[in-house]
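S.K.:
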Amino acid sequence: MNVIPTQDIAGQCLHAFTQLVPVSRAAFYCVDRHLQVHDFSLHGMSGEMHRDYLDNYRQFDPLHPRRCASSELAVVPLGLAMASQPLRDNHRYRDFLQRYGVVDVVEVFAHRDGQPQAAISLLRTAEQGAFTPQQLSQLSALQALLQLAVAHLPAHEDALADLTPKERQIAWLLRQGVSNKQLARELEVGLPTIKTHLIHLFRKVGVSSRTELVSALFL
1 MNVIPTQDIA GQCLHAFTQL VPVSRAAFYC VDRHLQVHDF SLHGMSGEMH
51 RDYLDNYRQF DPLHPRRCAS SELAVVPLGL AMASQPLRDN HRYRDFLQRY
101 GVVDVVEVFA HRDGQPQAAI SLLRTAEQGA FTPQQLSQLS ALQALLQLAV
151 AHLPAHEDAL ADLTPKERQI AWLLRQGVSN KQLARELEVG LPTIKTHLIH
201 LFRKVGVSSR TELVSALFL
């Protein structure tokens, strides 16, 4: 089976979905077997909004793969996802959406071996309104294309096989360029603990910097 660069697959999928179902913003991303998200490709979304999400709101996202994995649904509307998480988290995530004028979100997942492998997040503004039942049906039909595309995604898991789940999480976050402070917030630990994790991770992989680590694991 031919392996196609992730960015090419992301671009084609985003084009197909956004041409057929009107949205204001969209994002394609991959999901590893530990439900860590990586390789974002953005459509109509500012870097500022994306960084704000990663730094401050990702942990409240009801559509994150770790919250949706157990359902194995392919198309997950925001309202359905919010019904299964605490109200306080929903309020925080709504604050994020309202800040950027978003009124509705749908996540479309492609699965492999029973868990998410990639997804497209579709966002609509007040001018567009919430997704209609007809549009949700269209997204369900389009999901088959996303499922086919996933079969051609390159695999990055081998390089991470010897790492612990915590080390893999740190590696993916480093790949996204997060700071030590952001790492500490994501892992809910102090900065000294983060520095210890990084020292151990660098030694295990045999590198001396973040850049070398990302190159060794992902390039």
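So in UniProt numbering the end of the sequence shown lands on 219, straight run, no missing numbers.
For each residue, glycine too, the CB sits at the ideal point set by N, CA and C.
Give me the residue from Phe202, Ala74, Phe40 with the minimum Cα distance to Ser137.
M.R.: For Ser137, the nearest C-alpha among the options comes from Ala74.
S.K.: From the DSSP output, which residues share a beta bridge with Phe96?
M.R.: BP columns for Phe96 are empty, so no partner.
S.K.: Going by CA-CA distance only, name the one from Phe40, Gly44, Asp39 that's closest to Ser24.
M.R.: It is Gly44 whose Cα lies nearest to the Cα of Ser24.
S.K.: Run the CB neighbour count on Glu212, radius 10 Å, all protein chains shown included, and call it buried at 16 or more, exposed below.
M.R.: Glu212 should be labelled exposed.
S.K.: Could you give the residue range of the beta strand (DSSP E) that holds Glu72?
M.R.: Careful: Glu72 lies outside any beta strand (DSSP E) and carries neither H nor E.
S.K.: Could you tell me which residues DSSP puts in a beta bridge with Ser121?
M.R.: Answer is Ala27, Glu107, bridged to Ser121.
S.K.: What separation, rounded to the nearest whole angstrom, lies between the Cα atoms of His34 and Gln128?
M.R.: Each residue's alpha carbon lies about 35 Å from the other.
S.K.: Expressed to the nearest angstrom, what Euclidean distance is found between the alpha-carbon atoms of Met49 and Tyr100?
M.R.: Approximately 7 Å, taken between the alpha carbons.
S.K.: Ignoring anything shorter than 4 residues or poking outside the UniProt domain "HTH luxR-type" (156–219), list the alpha helix (DSSP H) runs there in chain order.
M.R.: Segments of the alpha helix (DSSP H) lying fully in the UniProt domain "HTH luxR-type" (156–219): 165–175, 180–187, 191–205, 210–218.
S.K.: Beta carbon of Cys13, beta carbon of Leu153: below 7 Å?
M.R.: It is not a contact, given that the beta carbons lie outside the stated cut-off.
S.K.: Between which two residues does the alpha helix (DSSP H) holding Leu153 run?
M.R.: Leu153 -> no alpha helix (DSSP H), and no H or E assigned at all.
S.K.: Just reading off the alpha helix (DSSP H) that Asp8 is part of, what are its end residues?
M.R.: Looking at the DSSP string, the run of the alpha helix (DSSP H) that includes Asp8 is 6–20.
S.K.: Can you list, in chain order, the residues of its chain whose CB lies under 7 Å from that of Asn90, leaving out five sequence neighbours each side?
M.R.: Excluding residues within five positions, the ones whose Cβ falls inside 7 Å are Pro62, Met82.
S.K.: If the criterion is Cβ atoms closer than 7 Å, does the pair Val21 and Tyr29 meet it?
M.R.: Going by C-beta atoms, Val21 is not nearer than 7 Å to Tyr29.
S.K.: Roughly how far, in whole angstroms, is the beta-carbon of Val76 from the beta-carbon of Glu107, given that I think they are within contact range, below 8 Å?
M.R.: About 5 Å separates the two Cβ atoms, so the contact holds.
S.K.: Does DSSP put Asp32 in a helix, in a strand, or in coil?
M.R.: In this structure, Asp32 counts as coil in the three-state DSSP scheme.
S.K.: DSSP three-state call for Gln85: helix, strand or coil?
M.R.: Note: Gln85 maps to coil in three-state DSSP.
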